[in-house]
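Residue numbers (our numbering): 1 to 182.
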Amino acid sequence: MKAAGSTLEPQARKSKEESRVHEGELLAALPARSANREVKVGLFVMLGIAAFLIGLFTLTDVGTFRGRYYATTVIDNAGGMRSGDPVQMRGVNIGRVTEFQMVPEGVAVTLEVYNRYGVPEDSRVSVRSAGLLGGMIVEVEPGESTERASLANVLPGTIESDIMSSAGDLSTQAEDVLGRVT
1 MKAAGSTLEP QARKSKEESR VHEGELLAAL PARSANREVK VGLFVMLGIA AFLIGLFTLT
61 DVGTFRGRYY ATTVIDNAGG MRSGDPVQMR GVNIGRVTEF QMVPEGVAVT LEVYNRYGVP
121 EDSRVSVRSA GLLGGMIVEV EPGESTERAS LANVLPGTIE SDIMSSAGDL STQAEDVLGR
181 VT
């Protein structure tokens with residue numbers, strides 16, 4: 001029995017060695033796996049997607065996808081106003097402030113308005129404080145025109161005095177009255 005076992009043992013070793021040789025040949029035939037190459041391909045794909053999205057948003061008007069149009073107003077001073085501040089008409093939010101540009105007459109403010117709200121081209125705009133915590137509201141006073149406002153025509157704008165400046169004026173007047181009384 002030992003003789004039979006000893007003859008099988010070398011054959012088993014021989015077939016294991018042959019399978020290792022075949023495994024090695026197969027692995028050598030495959031392209032070398034490189035983490036570096038995988039990282040490069042991944043970055044290339046991500047950059048391609050980013051470039052596509054940037055191009056899409058750069059070449060198209062974002063307001064088009066949202067169903068909005070733009071109007072412009074010019075005011076003397078944009079003090080405290082920020083992009084994203086609400087645009088209202090008769091107390092209803094109809095859009096938001098999107099952009100500021102310095103012009104000789106003051107500051108041109110671009111308003112993004114929802115399509116469902118038509119702002120007449122002869123409307124007037126007033127800017128007022130949203131409250132004690134700051135922020136501004138652009139209030140559109142609608143005109144009589146049937147034509148919708150656009151970037152081509154500029155809506156006249158004014159700035160209403162805010163609560164804090166009114167309080168400052170009231171304080172000055174109170175000091176004057178107290179000075180006269182004493």
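C-beta: ideal position from N, C-alpha, C; glycine also.
Keep in mind that this is a model prediction, so the values were computed, not measured.
Item                                                                                                                                                                    : Value
Which residue comes first and which comes last in the alpha helix (DSSP H) that contains A130?                                                                          : Where A130 is concerned, there is no enclosing alpha helix (DSSP H), given that its DSSP letter is neither H nor E.
Which residues in the same chain have their Cβ closer than 8 Å to the Cβ of S95, if we skip the five residues on either side of it in sequence?                         : First, the amino acid is wrong: residue 95 is Gly here, not Ser. Excluding sequence neighbours, G95 sits near R68, P86, V87, L111, E112, V113, Y114, Y117.
Are the Cβ atoms of V138 and V97 separated by less than 8 Å?                                                                                                            : yes
Please name the residue in V125, I75, G48 whose C-alpha comes closest to that of E105.                                                                                  : I75
Apart from the five residues on each side of it in sequence, which residues of its chain come closer than 7 Å, Cβ to Cβ, to Q145?                                       : As written in the sequence, residue 145 is Ser, which differs from the Gln given in the question. If we look at S145 and ignore the five residues flanking it on each side, its Cβ neighbours are P120, E121, D122.
Distance check for T72 and L59, CA to CA, integer angstroms please.                                                                                                     : 21 Å
Would you call I163 buried or exposed, if buried means 16 or more other Cβ atoms sit within 10 Å of its Cβ?                                                             : In this prediction, I163 scores a pLDDT of 49, lower than 50, which makes its location untrustworthy; the coordinate-derived value is nonetheless stated afterwards. Exposed is the call here.
Within the same chain, show all residues whose beta-carbon is closer than 8 Å to that of N93, passing over the 5 residues directly before and after it, in chain order. : P86, V87
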